Structure formats: structure tokens, C-alpha cells
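Numbering (the working numbering), first residue to last: 49 to 297.
C-beta atoms are modelled at their ideal positions from N, C-alpha and C, and glycine is treated no differently.
Being a predicted model, the structure only gives us computed values, none of them experimental.
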Amino acid sequence: MRPTPDERFDAKVDRSGDCWIWTGATNNDGYGRFWLHGRLVPAHTLALGRVGAVLDGEKVSRTCDNASCVRPSHLFVGNPATTEAQLVGLRRAGAERWTQTTDERFDAKVNREGACWVWTGATNKGGYGRFWSGERLVPAHAFALERAMGLALVDGMEACHTCDNPPCVRPSHLFAGTRLDNMADMIRKGRDAPRFGEANGRAKLTAAEAAAIQCSTESHAVLARRYGVGRTQIGRIKRGENWSCASSI
Ligand SMILES: [Zn+2]
Ligand SMILES: [Zn+2]
């Protein structure tokens with residue numbers, strides 16, 4: 049299996065000292081560089097972004113004087129020309145932030161105002177929260193469920209929602225299910241609909257046309273010509289592999 053970007057990144061960090069040293073490629077100034085999604089990014093910028101810092105084109109600087117250090121508590125968002133006094137303050141603030149427990153960091157990112165407890169931290173494309181557990185990025189709802197259960201989800205099990213709200217991390221809205229449970233749940237809720245029938249990009253027929261074909265007594269050849277599709281597809285529709293006549297009309 050190919051390593052994830054997080055795994056690739058972590059494999060290049062030496063955590064044996066106070067500073068966490070980047071052992072991968074560097075530029076001429078000694079700053080680490082990491083290959084991510086087709087481009088080279090500064091390793092220390094990525095290290096800070098990964099613990100949830102919002103980097104809006106801002107520069108990442110260090111409180112230590114070590115160009116190859118990627119330890120988040122030695123990094124801050126700001127200008128490298130910051131004065132020594134400010135640096136001391138930042139170092140203290142960084143250390144405090146870093147001494148927050150994992151639970152405190154998690155809870156600080158949850159909005160509990162509504163019925164669903166909504167994750168306000170980083171999310172993936174599907175809207176699911178992502179949380180740095182201290183060791184790796186995990187789905188926020190999975191973290192919430194494991195914490196409430198006091199158990200880790202075993203391989204093959206994942207955290208599923210009863211509320212159909214991806215950013216929700218309220219334990220009472222979550223259950224441990226298999227990937228199949230999750231898929232079945234998605235299909236039932238219609239979120240997986242594009243995989244089937246009319247919404248499938250490969251289908252050339254509307255549901256009404258497919259229903260007409262399925263219920264027709266004409267030959268496959270006649271139907272194929274009329275609807276501009278292959279005879280194989282007509283056969284598949286007749287057998288009800290992709291379409292259900294009963295549910296379409
Ligand atoms: Zn350092
Ligand atoms: Zn919910």
C-alpha cells in the first residue's frame with residue numbers, strides 16, 4: 049500500500065532531540081522541502097498547517113534558530129523580523145498551546161449549540177472533520193466515537209452517522225459500523241445515487257426510456273436502434289441489472 053502524505057512526512061522527521069529535524073530534501077538555506085500533491089512545499093509550513101494553524105499565504109517562522117526544525121511548538125505564523133521579546137512571548141504561548149491535552153484541543157473545535165455537535169476545525173472534501181491526534185490525522189467523528197466508547201475501532205469498522213451530517217461529532221449521533229453498513233446507509237439516503245442508473249455518467253438513457261425498454265416486447269435489435277445504444281445494454285436493462293422497471297414507472 050502506498051504511504052499517505054502524513055506517513056511520508058513523519059518518516060522524514062527525527063524526533064530524538066528538542067528540535068524535530070527534517071531529514072528529507074532541503075533547499076540551499078537548509079529549509080526542508082516536501083513533495084505534496086504535485087508541488088514542493090516548505091516542510092515547516094506543512095508541519096504547522098497540519099496541527100490546524102490557518103495559513104493564508106502567511107509566512108511561518110521559528111522560535112528556535114534551527115532551519116531544519118519542523119516541531120510545531122517551535123513554529124509560529126508571522127514575520128521572521130519579530131523582536132526577541134516577542135519571540136519569548138510567542139515561545140511561551142506556543143508551549144502553552146502545545147501542553148493542551150489532545151482532548152482539550154479537540155473540544156476547543158466543537159460547536160455544541162445545536163442538536164448536532166459541529167466540528168469547526170479542518171475538514172476534507174466530503175465535509176468530514178480531520179483532527180491531529182498527536183500521532184496522525186484521523187477523522188474527527190471517529191475520534192469522538194472512540195473517545196466515547198473508550199475503545200479503538202478495530203480494522204474494518206468505521207464511525208457512521210445516524211444524522212447524515214458529516215461534520216457532526218456528537219457521540220450519540222455516531223455508531224460503529226462496517227464499511228458495508230456505511231455504504232448501505234449512504235445508498236438508503238440517496239447520497240450514493242450517482243453510482244446507479246440515470247445519474248451514472250455512463251448511462252445514455254433516461255429512467256423513462258429504460259423502463260420502456262424493459263417492458264417492451266420488441267426485439268433487442270429494434271430497441272437498440274431506436275434508442276441508440278448497444279444490444280448488450282438492452283439485454284442488461286431487460287434483465288434488470290441496472291434498472292428496475294417496477295421502480296421507474
Ligand atoms: Zn526547533
Ligand atoms: Zn449529528
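Considering only heavy atoms of ligand 1, list every residue whose Cβ is less than 7 Å from one of them, following chain order.
Asp-66, Cys-67, Trp-68, Arg-110, Cys-112, Asn-114, Cys-117, Arg-119, His-122
Examine ligand 2 and report whether any of its heavy atoms sits within less than 6 Å of the Cβ of Asn-159.
Here residue 159 refers to the residue found at position 111 when the sequence shown is read from its first residue. False, no ligand heavy atom lies under 6 Å from that Cβ.
Using CA atoms only, rank isn't needed, just tell me which of Leu-84, Ile-69, Ala-258 is closest to Lys-286.
Mapped onto the sequence shown, residue 286 falls at position 238. Ranking the options by Cα distance to Lys-286, first place goes to Ala-258.
Might you give, ordered along the chain, the residues of its own chain that have their beta carbon closer than 7 Å to the beta carbon of Leu-271, omitting 5 neighbours on each side?
Here residue 271 refers to the residue found at position 223 of the sequence shown. Apart from sequence neighbours up to five positions away, the residues of its chain that approach Leu-271 with a beta-carbon distance below 7 Å are Ile-261, Ser-264, Ile-282, ordered along the chain.
Would Val-158 and Val-217 be called neighbours here (beta carbons separated by less than 7 Å)?
Walking along the sequence shown from the start, residue 158 turns up at place 110. Walking along the sequence shown from the start, residue 217 turns up at place 169. A contact, by the Cβ cut-off of 7 Å.
Cβ-Cβ separation, Pro-215 to Gly-177 (assumed contact under 8 Å), whole Å:
The residue given as residue 177 occupies position 129 in the sequence shown. The residue given as residue 215 occupies position 167 in the sequence shown. Sure, about 6 Å apart at Cβ, within 8 Å.
DSSP three-state label for Gly-80, please.
The residue given as residue 80 occupies position 32 in the sequence shown. Looking at Gly-80 - three-state DSSP - the assignment turns out to be strand.
Please classify Gly-80 as buried or exposed, where buried requires at least 16 other C-beta atoms within 10 Å of its C-beta.
The count along the sequence shown starts at 1 and reaches residue 80 at position 32. Buried, because 16 or more other Cβ atoms sit within 10 Å of the Cβ of Gly-80.
Sorted by chain position, which residues of the same chain lie with C-beta nearer than 8 Å to Gly-182's C-beta, five sequence neighbours on each side aside?
As a position in the sequence shown, residue 182 is number 134, starting the count at 1. Contacts found: Thr-150.
Which complete alpha helix (DSSP H) runs does the stretch 143-223 hold, if anything under 4 residues is left out?
150-155, 188-197
Is His-221 near ligand 2, going by C-beta to nearest heavy atom under 6 Å?
The sequence position of residue 221 within the sequence shown is 173, counting from 1. Yes, since a heavy atom of ligand 2 falls inside the 6 Å radius drawn around the Cβ of His-221.
If distances are taken between C-alpha atoms only, which option among Phe-57, Trp-70, Arg-63, Cys-112 comes closest to His-85?
Along the sequence shown, read from residue 1 onward, the residue named residue 85 stands at position 37. Nearest of Phe-57, Trp-70, Arg-63, Cys-112 to His-85, Cα basis: Phe-57.
Would you say Arg-218 touches ligand 2, meaning its beta carbon is less than 6 Å from a heavy atom?
The sequence position of residue 218 within the sequence shown is 170, counting from 1. Yes; taking the cut-off as 6 Å, the Cβ of Arg-218 has a heavy atom of ligand 2 nearer than that.
Does Ser-64 pass the burial test, meaning 16 or more other C-beta atoms within 10 Å, or should it be called exposed?
By one-based count along the sequence shown, residue 64 stands at place 16. Ser-64 comes out exposed.
Taking the alpha-carbon of Val-202 as reference, which of Lys-60, Phe-191, His-209 has the nearest alpha-carbon?
Here residue 202 refers to the residue found at position 154 when the sequence shown is read from its first residue. Looking at the Cα atoms, Phe-191 is the closest of the given residues.
Thinking just about the alpha-carbon of each residue, which of Met-205, Thr-226, Met-197 is nearest to the one in Ser-220?
On the sequence shown, position 172 is the one that residue 220 refers to. Measuring from the Cα of Ser-220, the nearest candidate turns out to be Met-197.
Extent of the continuous alpha helix (DSSP H) run through Pro-120:
Within the sequence shown, residue 120 is the residue found at index 72, counting from 1. No alpha helix (DSSP H) holds Pro-120; DSSP gives it neither H nor E.
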